[in-house]
Structures are given as C-alpha cells and as structure tokens.
Amino acid sequence: MAVTATSATPSEAPTTKKPLPQSKKVPKPNAFLDGLLCSLVAIECVVIYSVLPQHLLAVFGGMLVVVAVAVWATKASFRVVGGFVSRHFLKHLGDPLRKEVTMRKFTDQSWQLMIHGSMSAIWVYTAFSCKFLEEVRKDYLVMMSHHVVTIALVAWSFAVGFLPVGVLVLFLHDASDVPLDLLKMANYLKLEDRKGFFLSEVLFAVMLTVWVYFRVYLFPSKLIYTAFWENREACCLPHEAHDLSIIFPSPGPPSWLAFSLLLSCLYVLHIWWTFLILRLLKGVLTKSVHDVAEDEYEGASDSGKDD
Numbered sequence: 002m003a004v005t006a007t008s009a010t011p012s013e014a015p016t017t018k019k020p021l022p023q024s025k026k027v028p029k030p031n032a033f034l035d036g037l038l039c040s041l042v043a044i045e046c047v048v049i050y051s052v053l054p055q056h057l058l059a060v061f062g063g064m065l066v067v068v069a070v071a072v073w074a075t076k077a078s079f080r081v082v083g084g085f086v087s088r089h090f091l092k093h094l095g096d097p098l099r100k101e102v103t104m105r106k107f108t109d110q111s112w113q114l115m116i117h118g119s120m121s122a123i124w125v126y127t128a129f130s131c132k133f134l135e136e137v138r139k140d141y142l143v144m145m146s147h148h149v150v151t152i153a154l155v156a157w158s159f160a161v162g163f164l165p166v167g168v169l170v171l172f173l174h175d176a177s178d179v180p181l182d183l184l185k186m187a188n189y190l191k192l193e194d195r196k197g198f199f200l201s202e203v204l205f206a207v208m209l210t211v212w213v214y215f216r217v218y219l220f221p222s223k224l225i226y227t228a229f230w231e232n233r234e235a236c237c238l239p240h241e242a243h244d245l246s247i248i249f250p251s252p253g254p255p256s257w258l259a260f261s262l263l264l265s266c267l268y269v270l271h272i273w274w275t276f277l278i279l280r281l282l283k284g285v286l287t288k289s290v291h292d293v294a295e296d297e298y299e300g301a302s303d304s305g306k307d308d
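Heads up: the sequence shown begins at 2 in this note's numbering, then just goes up one per residue.
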C-alpha cells in the first residue's frame, strides 16, 4: 500500500502500511459466475412468486420483512454487547473487536447463529446478504452456489408437494450450522489457547464432529439414498425401480431426477467445505485457530495488519 501521511507533529515520520500477504487477500469473485448466480437467485424468486398461492405470498413477503428487521436488530445488539465484552473483559486478548472489519464479521455471524438456532424466505435473504451486505470471503462463489441450490430444493419441494425433501435439507444444515456459527464468533473474539479457555479449540472439535456426521454421512446415506432409490422403489413398478435407463418413470416419484441432481450438487459443496475444514485442522495443529481461519477462509482482516 502507499505511504500514508499523518496529521501529527512534524517530528513524527510518515508510517508505511505493509501490503497484506497474497494469502490474506480475498480475490474478487469471477464476474461471470457472480452474475450467473445472482441471476439464478432472481429467477428462483420469480418461480417462488409464481408457485405460491396468493394467500401465502403475503405471508412470504411479511417473512422477508421480519427476517430483515430481525437481522438488523440482532446485528445491532451483538455490536453493542460484543463491543462491550471485547473492551472490558477481553483486554488481555487485545480487544479483538476493536477494528471495524472484525466487528462486522462478528455481527454477520451473530444473526446467522440466531436464525439457525431459532427456513424459503430466510434463504432468499441470505443469498441477498451474501451478495450485497456481508464481508466477502474466499468461499463467496461456493456460498452463493449453496444458496441457489438450497432455495431451489426448498421451493421446488413445496411446488410439487414433496415437502420432506425441503424439511430434511433445512434440518441437516441447521444442525451443523449452530456449532459452526459459534466457532466463528469465538474465533473473532480470539478465545483460544489458555487465555481464551481453549473455547475455539473445543468448538472446532464439536463442529468437525457434527459436520462430518450430518453433512458427510447422514446427507448421502439417508437423504440422497432415499431420494434416489427408495422414492423409485415406492412409486415405480417393480421392474422399473432399479432400471436407471428409465429416467422419467410413469408412475414415478415427482421430479425424481431434479431432486437427485440438486441434492448431489449440494453434497459436492459439502465435500468442498469438508476439505477446507480438514485444511483448517491441519493448520490448527501447528498454528492458532484464529491465524489458520484468516489464512484459509476469512482473508484480509484487521488483526493488527490492516485497518
């Protein structure tokens, strides 16, 4: 970065900010992929508007407003409470939320924790928030892809009257998102090692266990298997159930191929994140959770390197 002049006394020399290492920077998303994903979200919103009955459209719109207000209130509350705790109780950790970027990331995570703990309207909002409101992270395009696929699964399961798929997708995601959100917030507060009561390390172990069980094991062994095979066995003629050359069996399960492909896409994203988590685990064994997260996931932050 360029030399920054100060407005202090002449005796004070100008200070030079060192550029962030390449690994700390968050590259700009590919413009084409970014535009494509945002267009898909917009199309999904149009589809939701088309398939919802008139009396549910008002409910859906009201839910969007409620979600937006709840998110704003949650972030404002956590900004006040988190800042107070950081200044008065975490001085020994260097007031970890003193910089604006870290505070914004902390509040971004707080509202997700509240929502996941307390979901089409919510996923539409998170897609909008991921694009326009939140700090850009290294997995931005993967996260946007996740929103597109999840919205499609939840909305289409409602449109064709196959609600169990949407419900199970939300359940399996929320079950693993709670410890993940807690881990991120503990990381922003630098609650690690003995000074932080090893909270980040404990939450990392909990998150890894829950993540692998729900997203890596249960998701394919229960949800994908049921959607792919058991649906055909329940709805198709016996000689057609295991004959995959019959792509659109009649009679057959509603949107069998669409659900199978969307669930498979979602599982590919889960595997991508799992490898990222394993890279974090490898780094945690040699460095702190905070430093590893900054290198592998968060990108440029304000841990004394950038304002």
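Positions of the beta carbon are idealized from the N, C-alpha and C atoms, including for glycine. Bear in mind the structure is a predicted one, so any value in this text is a computation, not a measurement.
Between the stretch 185-201 and the stretch 146-153, the count of C-beta pairs closer than 8 Å stays below three; the two stretches do not touch.
Between Val-82 and Met-104, the alpha-carbon positions lie close to 11 Å from each other.
DSSP places Cys-236 in the uninterrupted alpha helix (DSSP H) bounded by 232-236. Judged by DSSP secondary structure, Arg-280 falls within the alpha helix (DSSP H) whose first and last residues are 257-285. Secondary structure of Ala-187 (DSSP, three-state): helix. Boundaries for Ile-225: no alpha helix (DSSP H) harbours it, and the DSSP string shows neither H nor E there.
In the displayed model, Arg-99 falls within coil according to three-state DSSP, outside both helix and strand.
By the Cβ rule, the stretch 134-150 does not count as touching the stretch 216-230, because fewer than three pairs are nearer than 8 Å. Straight-line spacing of the CA atoms in Ser-246 and Leu-258 works out to 12 Å.
Straight through space, the alpha carbons of Cys-46 and Gln-110 are spaced by roughly 24 Å.
With a beta-carbon spacing of about 15 Å, Leu-262 and His-147 fall beyond the 8 Å limit used to define contacts. Under the 10 Å beta carbon count, Phe-205 is surrounded by 16 or more other beta carbons and is classified as buried. The distance from the Cβ of Ser-256 to that of Val-102 is about 43 Å, inconsistent with a contact at the 8 Å cut-off.
Per DSSP, reduced to three states, the secondary structure at Pro-239 is coil, with no helix or strand assignment. Taking Tyr-141 as the centre and dropping the five residues before and after it, the same chain places the C-beta of Pro-30 closer than 6 Å to its C-beta, in chain order.
Residue burial is scored here from C-beta neighbours: Ala-128 has at least 16 other C-beta atoms within 10 angstroms and is therefore classed as buried.
Within the same chain, Glu-193 come within 8 Å of Phe-199 by CB-CB distance, once the 5 residues on both sides are set aside.
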